[in-house]
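Residue numbers (the numbering used here): 178 to 288.
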């Protein structure tokens, strides 16, 4: 039997009286991250039994809209890279990258 290890990723969310996120911090000791502040996060996990993704999307009330647009664009680009690594589907990955370029153009993110 192979040796296994466990890696822990911790998310801490500080909420205001209306349960709106005010502060987000995350820790991933194996990645060298300790209590690092974030303004937004997206977490998706796959429920194999239900065959559906489950998501948590959070952002602090002081997350600027212009930064949220950049965050979404970078997340979409990263998802297309991950899709390629996971599926080796070059054609669909290229299509996703085209959409990312379109998204950035429409939001005037690229100069």
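Even glycine gets a Cβ: it sits at the ideal position worked out from N, Cα and C.
No experiment lies behind these values; they were computed from the predicted model shown.
The beta-carbon separation of residue 236 and residue 255, rounded to 17 angstroms, does not stay under the 8 angstroms limit for a contact. When secondary structure is reduced to three states using DSSP, residue 197 falls in the coil class, being assigned neither helix nor strand. Runs of the beta strand (DSSP E) lying entirely within the segment 206–232 and spanning at least 3 residues, in chain order: 210–215 and 217–224. For residue 286, the secondary structure class from DSSP, reduced to helix, strand or coil, is coil. Here residue 234 carries a strand assignment [DSSP, helix/strand/coil]. Using a Cβ distance threshold of 8 angstroms, residue 246 and residue 286 count as a contacting pair. Under the 8 angstroms Cβ criterion, the segment 213–229 counts as touching the segment 189–205, having at least three qualifying pairs. For residue 246, the uninterrupted alpha helix (DSSP H) segment begins and ends at 242–264. If you compare the alpha carbons of 229, 223 and 188 with that of residue 212, the shortest gap goes to 188. Across the structure, residue 229 and residue 222 are spaced so that their CA atoms are roughly 9 angstroms apart. Distances from the alpha-carbon of residue 239 to those of 276, 184 and 197 put 197 closest.
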